[in-house]
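Heads up, the numbering used here is the position in the sequence shown plus 1, with the first residue counted as 1.
The beta-carbon is built from N, C-alpha and C at its ideal position, and this holds for glycine as well.
Bear in mind the structure is a predicted one, so any value in this text is a computation, not a measurement.
Worksheet for the structure shown next.
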Amino acid sequence: PENPGLAKELVPRGVSIPLPGAMAIEKLSKQVAATDEMMQATYILWGIDGGCEVRAPFGTCLGRLLRLAQSQTGMKLEYTQDVTAEVKQVMGPKTQVITAERAAPMELYHEVKLPE
Numbered sequence: 002p003e004n005p006g007l008a009k010e011l012v013p014r015g016v017s018i019p020l021p022g023a024m025a026i027e028k029l030s031k032q033v034a035a036t037d038e039m040m041q042a043t044y045i046l047w048g049i050d051g052g053c054e055v056r057a058p059f060g061t062c063l064g065r066l067l068r069l070a071q072s073q074t075g076m077k078l079e080y081t082q083d084v085t086a087e088v089k090q091v092m093g094p095k096t097q098v099i100t101a102e103r104a105a106p107m108e109l110y111h112e113v114k115l116p117e
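As structure tokens, this is what we get:
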């Protein structure tokens, strides 16, 4: 290790990074966080008693969306392992039925932007 301040017990499995390296990692972490936010989608989930909006990454499967809906909104959801959902294109006629382990097909996503 380049850093003499690294504890002796950590030397076999520790690594010290020069200051420019640490700054590079910090900068990359910020870029990854910004990319993560850009790769998010808003999912609108409707059920028998109402619906909710959930923010999650593109390609999130139905089962994960249902769990996120419960944790993010506090709603009580009841569903079985063989749950299915009909995915509808926001601005178009396309629909597709998916199972818990499947995500909405990319062609059904629609980018909506606010006017600048």
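DSSP places L46 inside the beta strand (DSSP E), whose first and last residues are Q41 to G48. Your pair L63 and I99 checks out as a contact, with CB atoms roughly 5 Å apart and the cut at 8 Å. In this structure, DSSP gives E79 a state outside helix and strand, which the three-state scheme calls coil. Straight-line measurement puts the Cα of V16 at about 12 Å from the Cα of E10. For T74, the secondary structure class from DSSP, reduced to helix, strand or coil, is helix. Here V33 is actually not in contact with L46; their C-beta atoms are around 27 Å apart, not less than 8 Å. For Q97, the uninterrupted beta strand (DSSP E) segment begins and ends at T96 to T100. If you draw a straight line from the Cα of Y44 to the Cα of P116, it is about 21 Å long. Here DSSP, grouped into helix, strand and coil, assigns P106 to coil. Between the region 69–77 and the region 87–99, the count of Cβ pairs shorter than 8 Å is below three; the stretches do not touch. Between A104 and G60, the gap from beta carbon to beta carbon is short of 8 Å.
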